[in-house]
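Taking our numbering, I'd label the letters of the sequence shown as residues 650 to 838.
Yeah, the Cβ is synthetic: ideal placement off N, Cα and C, and Gly gets one too.
Taking it in order: structure first as structure tokens, then the write-up.
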Amino acid sequence: MIRKLLIAFITLYLTFGVLPGNSQAGPTDLSSVGKRAFDDLARCLNSKDALDVFYLIDESASLKDTDSENKRAEILKSSLIQLSTLREGLKVQYAVGFFGDKYSTWKHWSTVDPNSIESEAADLERKVTVSNKGQSTNWYLGVESAATELSNQRKKSNACQALIWLTDGGLDLSTGAPGEKPVQANAKN
Numbered sequence: 650m651i652r653k654l655l656i657a658f659i660t661l662y663l664t665f666g667v668l669p670g671n672s673q674a675g676p677t678d679l680s681s682v683g684k685r686a687f688d689d690l691a692r693c694l695n696s697k698d699a700l701d702v703f704y705l706i707d708e709s710a711s712l713k714d715t716d717s718e719n720k721r722a723e724i725l726k727s728s729l730i731q732l733s734t735l736r737e738g739l740k741v742q743y744a745v746g747f748f749g750d751k752y753s754t755w756k757h758w759s760t761v762d763p764n765s766i767e768s769e770a771a772d773l774e775r776k777v778t779v780s781n782k783g784q785s786t787n788w789y790l791g792v793e794s795a796a797t798e799l800s801n802q803r804k805k806s807n808a809c810q811a812l813i814w815l816t817d818g819g820l821d822l823s824t825g826a827p828g829e830k831p832v833q834a835n836a837k838n
């Protein structure tokens, strides 16, 4: 699980790490979907000076087992700090939402300020460390809520957008119909 998280955030770091340079540069070990996403973001950032990043963070109870040492808290803290080091003249805004059985916005859209981002990142690290409160992983609710947040923000900022989705993979694949039994993505048959 930690390996999956690290890969996701290393990809994020590598993606942002090449922004000042060539849009063709970037990680070579991404899937074809990952490469297209990287190229789309790089292309967008070559034409715009604004980026909205939405962090969607799983807080389901399964994380007590899959990330018992809360490694994701440090990874998220580092990721948030990295947003302040992207490229000169790039306006970066971020927001944070948590999901499990329910969804809640923890941090509304804020501009990344290099002078205050360290304390904001420390606040996020503390929140993540104590967050494993949900009972299940209602990924549909989380993703739908994040999409709404990003759509509303796009109307205001018209910026490039990135969704950083952090989950341990215990996804509830049900359609959400009342009384329907969920199918777990990682269940063994």
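Query                                                                                                                                                            : Result
Tell me whether residue 681 sits in a helix, a strand or coil according to DSSP, three-state version.                                                            : helix
Going by alpha carbons, who is nearest to residue 816 out of 690, 743, 720?                                                                                      : 720
Check the DSSP bridge columns for residue 746 and list the partner residues they point to.                                                                       : 705, 754
Would you report the Cα separation of residue 708 and residue 781, rounded to the nearest angstrom?                                                              : 5 angstroms
Quick one: grab the DSSP three-state call for residue 792.                                                                                                       : helix
Would you call the region 681 to 698 and the region 760 to 774 touching, i.e. three or more CB-CB distances under 8 angstroms?                                   : no
Can you grab the Cα-Cα spacing for the pair residue 739 / residue 793, in whole Å?                                                                               : 27 angstroms
Would you call residue 797 buried or exposed, if buried means 16 or more other Cβ atoms sit within 10 Å of its Cβ?                                               : exposed
In whole angstroms, what separates the C-alpha of residue 725 from that of residue 752?                                                                          : 18 angstroms
Only counting the same chain, and skipping five residues up and downstream in sequence, which positions put a Cβ closer than 7 angstroms to that of residue 747? : 706, 708, 753, 755, 780
Can you grab the Cα-Cα spacing for the pair residue 801 / residue 812, in whole Å?                                                                               : 14 angstroms
Pick helix, strand or coil for residue 760, following the three-state DSSP scheme.                                                                               : strand
Buried or exposed: which applies to residue 786, given that a residue is buried once 16 or more other Cβ atoms fall within 10 Å of its Cβ?                       : buried
By how many angstroms is the C-alpha of residue 750 removed from the C-alpha of residue 734?                                                                     : 34 angstroms
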